[in-house]
Amino acid sequence: METFNWKIRPDMTVESEPKVTSIKLGDGYEQRRPAGLNNHLA
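Anchor point for the sequence shown: position 29 equals 29 in the working numbering, and the numbering is continuous, going up by one each time.
This is the structure we're talking about:
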């Protein structure tokens, strides 16, 4: 089994947001949920 030895960089950040589906209901409320199985992929 191969091992990948990447150097850790503590200053790395993630600059993406999950995709969200939003539905507005008739009484003023809004329902939000993740958009699909791979919602963190941009």
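Note that beta-carbon positions come from the ideal geometry of N, C-alpha and C, so glycine has one too.
Distance CB(residue i)-CB(residue j) smaller than 7 Å
{"i": "LYS19", "j": "ASN39", "result": "yes"}
Anticipated Cβ contact below 8 Å, residue i with residue j, distance rounded
{"i": "SER22", "j": "ARG9", "result": "Rounded, the Cβ-Cβ distance is 35 Å, inconsistent with contact."}
In DSSP terms, what residue i is bridged to
{"i": "THR21", "result": "ARG33"}
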